[in-house]
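Chains as they are written, first to last, in my numbering: chain H, 1 to 113; chain W, 1 to 108. Note that the Cβ used here is the ideal one computed from N, Cα and C, for glycine as well.
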Amino acid sequence: EAGVAQSPRYKIIEKRQSVAFWCNPISGHATLYWYQQILGQGPKLLIQFQNNGVVDDSQLPKDRFSAERLKGVDSTLKIQPAKLEDSAVYLCASSLDNSYEQYFGPGTRLTVT
Amino acid sequence: KNEVEQSPQNLTAQEGEFITINCSYSVGISALHWLQQHPGGGIVSLFMLSSGKKKHGRLIATINIQEKHSSLHITASHPRDSAVYICAVRSTGNQFYFGTGTSLTVIP
């Protein structure tokens, strides 16, 4: 069974630029999560999708971050414009449903200079 | 105050030692997760539990719902167990809270 795929693995951008991350969850997984993990800290949930609907985006900085999962499968997370403090690893995870174990992707390491 | 607190923050052990990592939480939960993160690597889910005890190989996870406490035990520790172990809970309000992790180093 293929795992959660994410791309790119690494990204370096200048502040005020835009960036987008892509996630392909495990086939059949209805729930998809985006996390932000700043160096030395635990992951922070940014947004949770159930199929193509948003379940929780309470910690998503909506002035600059957006995410979509239009067809209930792949998802993209966008930052526009990026700030220095957005430097982090962005993790995508999926689960069969929100009461099941989560499977994490390898993450995208973003550096904002 | 964080909703999830882990201890210790850092732990160094000799190979073969029995290791315990603790997690306390302050919210009502529907599930607790133990995750493992290797340096530069992704996160692997070790356990998801809502009561009692689970065992997988040399790893054992326990949870006491009344005391809002969970422990992760590693028996016969090995250098390849060196990683950050993260405790996370899903609250009854369906929100996720993560601990800051315990960095474990096992010395040969």
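Applying a beta-carbon distance threshold of less than 8 Å, which residues of chain H neighbour residue i?
| i | result |
| --- | --- |
| Gln95 of chain W | Leu45, Asp56 and Ser58 |
| Ala31 of chain W | Ser99 |
If you measure from the CB of residue i, is any heavy atom of the ligand ADP nearer than 6 Å?
| i | result |
| --- | --- |
| Tyr25 of chain W | With respect to small molecules bound, the structure shown includes none, and the ligand ADP cannot be examined in it. |
Does residue i pass the burial test, meaning 16 or more other C-beta atoms within 10 Å, or should it be called exposed?
| i | result |
| --- | --- |
| Ala88 of chain W | buried |
| Val4 of chain W | buried |
| Gln9 of chain W | exposed |
| Gly93 of chain W | exposed |
| Ile79 of chain H | buried |
| Ser30 of chain W | exposed |
| Thr31 of chain H | buried |
If we define contact as Cβ-Cβ less than 7 Å, is residue i a contact residue for chain H?
| i | result |
| --- | --- |
| Ser45 of chain W | yes |
| Gly28 of chain W | no |
| Ile86 of chain W | yes |
| Thr100 of chain W | yes |
Is there a Cβ of chain W sitting closer than 7 Å to that of residue i, yes or no?
| i | result |
| --- | --- |
| Pro8 of chain H | no |
| Gly53 of chain H | no |
| Gln50 of chain H | no |
| Gln41 of chain H | yes |
What in chain H is Cβ-close to residue i, meaning under 7 Å?
| i | result |
| --- | --- |
| Gly42 of chain W | Phe104, Gly105, Pro106 and Gly107 |
Applying a beta-carbon distance threshold of less than 8 Å, which residues of chain W neighbour residue i?
| i | result |
| --- | --- |
| Leu91 of chain H | Gly42 and Ile43 |
Discussion item. If we require 3 or more residues per run, which beta strand (DSSP E) segments fall completely within the stretch 50-87 of chain H?
Written reply: Taking only runs of at least 3 residues, the beta strand (DSSP E) segments lying wholly in the stretch 50-87 of chain H are 53-56, 65-68 and 75-79.
Practice prompt. Determine contact between the stretch 14-31 of chain H and the stretch 77-84 of chain H, defined as no fewer than three beta-carbon pairs at a distance below 8 Å.
Written response: As far as the Cβ criterion goes, the stretch 14-31 of chain H touches the stretch 77-84 of chain H, which means the pair count is three or higher.
Discussion item. Does the contact criterion of 3 or more C-beta pairs under 8 Å hold for the stretch 60-80 of chain W versus the stretch 9-24 of chain W?
Written reply: Judged by Cβ distances under 8 Å, the stretch 60-80 of chain W makes contact with the stretch 9-24 of chain W, as three or more pairs qualify.
Worksheet entry | At least 3 beta-carbon pairs within less than 8 Å: the stretch 58-76 of chain H vs the stretch 19-30 of chain H | In short, these stretches touch, since the Cβ pair count reaches three.
Worksheet item: Looking at C-beta atoms only, is the number of pairs between the stretch 50-69 of chain W and the stretch 23-42 of chain W that lie closer than 8 Å three or more?
Response: Yes: at least three Cβ pairs fall under 8 Å.
Worksheet item: Are the stretch 51-64 of chain W and the stretch 93-102 of chain H in contact at 8 Å, needing three or more beta carbon pairs?
Response: In the pairwise beta carbon analysis, the stretch 51-64 of chain W is classified as not touching the stretch 93-102 of chain H: fewer than three pairs are separated by under 8 Å.
Practice prompt. Report the residue ranges of all beta strand (DSSP E) runs contained in full by the stretch 33-71 of chain W; include only those spanning at least 3 residues, in chain order.
Written response: List check, beta strand (DSSP E) in window: 43-49, 52-56 and 59-64.
Practice prompt. Examine the Cβ distances between the stretch 95-103 of chain W and the stretch 46-56 of chain W and report whether three or more of them are shorter than 8 Å.
Written response: Using a C-beta cut-off of 8 Å, the stretch 95-103 of chain W makes no contact with the stretch 46-56 of chain W, since fewer than three inter-stretch Cβ pairs fall below that distance.
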